[in-house]
Amino acid sequence: MENFTLYLSEKILYLKKNGVLTISYALLTEALFIGYLAFIALFTLEMLLPTFVTVRLNLTTFFFILFSFSFVLAFLGHILNLTFDQKIQKKNPLVWIGLFWTIGILILSLSHFPLLLIPFIIITFLLIGYLFWKIFFDERDEKLV
Numbered sequence: 009m010e011n012f013t014l015y016l017s018e019k020i021l022y023l024k025k026n027g028v029l030t031i032s033y034a035l036l037t038e039a040l041f042i043g044y045l046a047f048i049a050l051f052t053l054e055m056l057l058p059t060f061v062t063v064r065l066n067l068t069t070f071f072f073i074l075f076s077f078s079f080v081l082a083f084l085g086h087i088l089n090l091t092f093d094q095k096i097q098k099k100n101p102l103v104w105i106g107l108f109w110t111i112g113i114l115i116l117s118l119s120h121f122p123l124l125l126i127p128f129i130i131i132t133f134l135l136i137g138y139l140f141w142k143i144f145f146d147e148r149d150e151k152l153v
């Protein structure tokens, strides 16, 4: 097992030195961006026309593949020592487009629940989103993650 680990680490260093990992990282980043955009489009189409997409394509498998490749991308970034500063731009028009898309999908999906349960579901998701926002984007020095 130690020989295999040594062999694998030598190959990774060789690929890193030749620039193959950097090119792979860039290509995988672009592929994931296009893949997530396609998933959003297919998910929206599925919400508007139920079973139109899922009869032909399994969205769960597609999302699992995208999610798995996201972890591969994070691992490649760790090997290449790539870090990105997260700066939040609060006046970006893409945020408003994403917000309206989310609200539209939320209205369509919540229309199947009883009316008394809908506010509880929305408040719960907003509280969970607020907690994630505080955990990941807090401006303090000590990070929770």
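The numbering of the sequence shown is this note's numbering, which starts it at 9 and goes up by one.
Note that the Cβ used here is the ideal one computed from N, Cα and C, for glycine as well.
Taking Leu35 as reference, the option from Phe128, Gly137, Leu81 with the minimal CA-CA separation is Leu81. For the beta strand (DSSP E) assignment, the stretch 43 to 100 encloses no uninterrupted run of at least 3 residues. Comparing alpha-carbon positions, the option among Leu107, Leu56, Ser76, Asn26 lying closest to Gly43 turns out to be Ser76.
When Ala49, Leu21, Pro58, Leu88 are compared, the shortest CA-CA separation from Phe71 is found for Ala49. Shown here, Gly137 sits in a helix according to DSSP, grouped into three states.
The shortest C-alpha to C-alpha distance from Leu40 to any of Ile20, Leu74, Asn89 is the one to Leu74. In the DSSP annotation of this structure, the continuous segment of the alpha helix (DSSP H) that includes Phe12 starts and ends at 10 to 26. About 6 Å separates the beta carbon of Phe51 from that of Leu67, a gap short enough to meet the 8 Å contact definition. Between Met55 and Leu116, the gap from beta carbon to beta carbon is short of 7 Å. Excluding sequence positions up to five before and after Lys142, its CB lies less than 7 Å from no other CB in the same chain. Looking at Leu88, Phe128, Leu139, Leu57, the one whose alpha-carbon comes closest to that of Leu21 is Leu88.
Proximity to His86 across Gly27, Tyr33, Glu10 peaks at Tyr33, based on C-alpha coordinates.
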